[in-house]
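Chemist: Protein chains in written order, with my numbering: chain U, 3 to 158; chain C, 3 to 158.
We put the beta carbon where it would ideally sit given N, CA and C, even for glycine.
Given the structure is predicted, the values throughout are model-derived calculations rather than measurements.
Have a look at this one.
Protein chains: 2
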Amino acid sequence: MRARDLAEDFPTVTLTSDAMRAAQAMAQARQPGLIVVDERGRPHAVLGGSQVLRFVIPAYIQEDPPLARALDADAADELCRRLERSTVRDVLPEPQDRDELPVVDGDATALEMAAVMARMHSPLVAVLEGGKVIGAVTVPRLLDYLLPAAPTTATP
Amino acid sequence: MRARDLAEDFPTVTLTSDAMRAAQAMAQARQPGLIVVDERGRPHAVLGGSQVLRFVIPAYIQEDPPLARALDADAADELCRRLERSTVRDVLPEPQDRDELPVVDGDATALEMAAVMARMHSPLVAVLEGGKVIGAVTVPRLLDYLLPAAPTTATP
């Protein structure tokens with residue numbers, strides 16, 4: 003079983019994608035992040051969901067989250083509307099804050115994907131064919147393949 | 003809408019849970035992590051999926067993932083079986099490597115949860131009632147609540 007066989011569709015956006023639609027895609031796919039590709043489909047970054055929240059939530063509230071209770075629903079809507087006026091490029095951290103990318107070739111083995119996720123503390127790897135992103139493998143997907151089936155009565 | 007209303011079931015284990023069953027529970031729930039509680043149900047840690055992989059994959063392969071291609075499926079099985087001989091406590095990083103926990107009270111607002119996730123770069127917050135974990139809210143769950151519904155023709 004190779005990476006190309008385990009890869010699943012994963013929300014993928016470009017640097018110029020509308021940030022609101024990107025965040026909505028993440029929510030709809032119930033995934034913890036997005037893969038950002040350049041205009042040629044090559045991987046540029048993985049945008050984690052918490053980064054979207056870092057963009058939306060003012061720094062003084064991040065530093066003291068209970069302060070958020072002073073804001074009403076209208077204020078929350080206004081904060082989120084910042085995404086409507088932004089692109090994915092705006093939401094990404096500065097390049098110097100980004101790590102090496104969690105990517106593997108389509109012929110990577112399951113253990114190789116596990117090693118990349120482990121090394122980079124990443125919940126997913128993007129899978130490439132010919133340098134372009136064809137999907138991703140998440141940690142639960144990989145564990146489901148690597149580990150023996152749980153007994154049906156399992157209570158962890 | 004408060005944290006207790008948005009909280010969903012989330013795989014929760016104790017320090018003495020069998021590590022293999024814990025990893026299987028993460029895979030089955032298709033979640034990027036587990037909440038670890040102490041014997042009284044109080045939050046102890048969030049165990050990310052990549053940490054399980056760091057426990058399983060030898061350091062020399064983490065440092066050079068393509069080396070994993072030299073291992074066959076039997077070797078992969080043997081590595082994973084290390085989980086059968088371990089508890090969740092064994093898999094957790096050393097306490098000094100752990101951050102403050104991503105937890106909120108049941109009456110936290112959506113923005114407060116967003117602020118905690120943003121501050122801690124966390125893909126989820128555990129929700130507490132009376133000091134005990136009652137569930138969790140993930141980033142996509144929170145974005146789904148906070149953001150306006152996407153137009154059905156949306157292509158991000």
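1. Report the option in Leu126(U), Thr14(U) and Met3(U) whose CA atom is closest to the CA atom of Lys134(U).
2. Is the shortest distance between the beta-carbon of Leu8(C) and the beta-carbons of chain U less than 9 Å?
3. Check whether the Cβ atoms of Tyr147(C) and Ala112(C) sit closer than 9 Å, and answer yes or no.
4. Using the three-state DSSP reduction, which class does Gly51(U) fall into: helix, strand or coil?
5. Using a Cβ cut-off of 8 Å, pull out every chain U residue sitting near Leu94(C), in sequence order please.
6. Starting from the beta carbon of Gly50(U), find every residue of chain C whose beta carbon is closer than 9 Å, and list them in chain order.
7. Give me, in chain order, the residues of the same chain whose beta-carbon lies closer than 6 Å to that of Gly50(C); leave out the 5 immediate sequence neighbours on both sides.
8. Strictly under 9 Å for the Cβ-Cβ distance: is Val54(C) near chain U by that measure?
9. Whose C-beta lies closer than 7 Å to the C-beta of Ala138(C) among residues of the same chain, with five residues either side of it excluded?
10. Can you list, in chain order, the residues of its chain with a C-beta nearer than 8 Å to that of Leu144(C)? Leave out the 5 residues immediately preceding and following it.
11. Can you tell me whether DSSP reads Leu130(U) as helix, strand or coil?
12. Whose Cβ in chain U lies nearer than 9 Å to the Cβ of Ala5(C)?
13. Indicate whether at least one CB of chain C lies closer than 9 Å to the CB of Val170(U).
14. In whole angstroms, give me the CA-to-CA distance for Arg71(C) and Cys82(C).
15. Look up Arg84(U) in the DSSP assignment and say whether it is helix, strand or coil.
16. Give the residues of chain U in contact with Thr111(C), contact being defined as C-beta atoms less than 7 Å apart.
17. In the structure shown, what three-state DSSP assignment does Asp76(U) receive?
18. Note the first and the last residue of the continuous alpha helix (DSSP H) segment covering Ile63(U).
19. Which of the three DSSP states is assigned to Pro68(U) in this structure?
20. Check the Cβ of Arg87(C) against every Cβ in chain U and list those closer than 7 Å, keeping chain order.
21. Which residue marks the beginning of the alpha helix (DSSP H) containing Leu36(C), and which one marks its end?
22. When you compare only the Cα positions, how much space is there between Met3(U) and Asp109(U)?
23. Looking at the strands, I want to know which residues DSSP matches up with Val139(U).
24. From Ala75(C) to Ala31(C), what distance separates their C-alpha atoms?
25. Beta-carbon within less than 8 Å of Val39(U)'s beta-carbon, same chain only, minus the 5 sequence neighbours each way: which residues are those?
26. Can you list, in chain order, the residues of its chain with a C-beta nearer than 8 Å to that of Ala78(U)? Leave out the 5 residues immediately preceding and following it.
27. Of the residues Thr18(C), Pro60(C) and Glu86(C), which one's Cα is nearest the Cα of Gln164(C)?
28. What does the Cβ neighbour count give for Asp66(U), buried or exposed, with the cut at 16 atoms within 10 Å?
29. Among residues of its own chain, excluding the 5 on either side of Leu69(C), which ones have a beta-carbon nearer than 8 Å to its beta-carbon?
30. What first and last residue would you give for the beta strand (DSSP E) that runs through Asp107(C)?
31. Counting only Cβ pairs nearer than 7 Å, list the residues of chain U close to Leu103(C).
32. If you run the structure through DSSP and keep just helix, strand and coil, what is Arg121(C)?
33. Which of helix, strand or coil does DSSP assign to Asp11(C)?
Modeler: Judging by the given coordinates:
1. Thr14(U)
2. no
3. Their beta carbons are under 9 Å apart, which means Tyr147(C) touches Ala112(C) by this criterion.
4. Of the three classes helix, strand and coil, the one that applies to Gly51(U) here is helix, per DSSP.
5. Those do not exist, as Leu94(C) stays about 14 Å from chain U at its closest Cβ, beyond 8 Å.
6. His123, Pro125 and Val141
7. Gly35
8. yes
9. Ala9, Glu10, Phe12, Ile37, Leu126, Val127, Ala128 and Val129
10. Leu8, Ala112, Met115, Ala116 and Met119
11. strand
12. Under the 9 Å cutoff, chain U gives no residues; its nearest Cβ is about 11 Å from Ala5(C).
13. The shown model of chain U, from 3 to 158, leaves out residue 170(U), and the question about it has no answer.
14. 16 Å
15. helix
16. Ala70 and Arg71
17. helix
18. Ile63(U): member of the alpha helix (DSSP H) spanning Ala61 to Glu65, first to last residue.
19. helix
20. Chain U residues near Arg87(C): none, gap ~14 Å exceeds 7 Å.
21. No alpha helix (DSSP H) contains Leu36(C), which is instead part of the beta strand (DSSP E) from Gly35 to Val39.
22. Taking the straight line from one Cα to the other gives about 9 Å.
23. Val127(U)
24. 25 Å
25. Thr14, Val15, Thr16, Pro45, His46, Lys134 and Val135
26. none
27. It is not possible to answer for residue 164(C), since the shown part of chain C is limited to 3 through 158.
28. exposed
29. Tyr62 and Ile63
30. Val105 to Asp107
31. Chain order gives no chain U residues near Leu103(C), where near means a beta carbon separation below 7 Å; the closest approach is about 13 Å.
32. helix
33. Here Asp11(C) sits in coil by DSSP.
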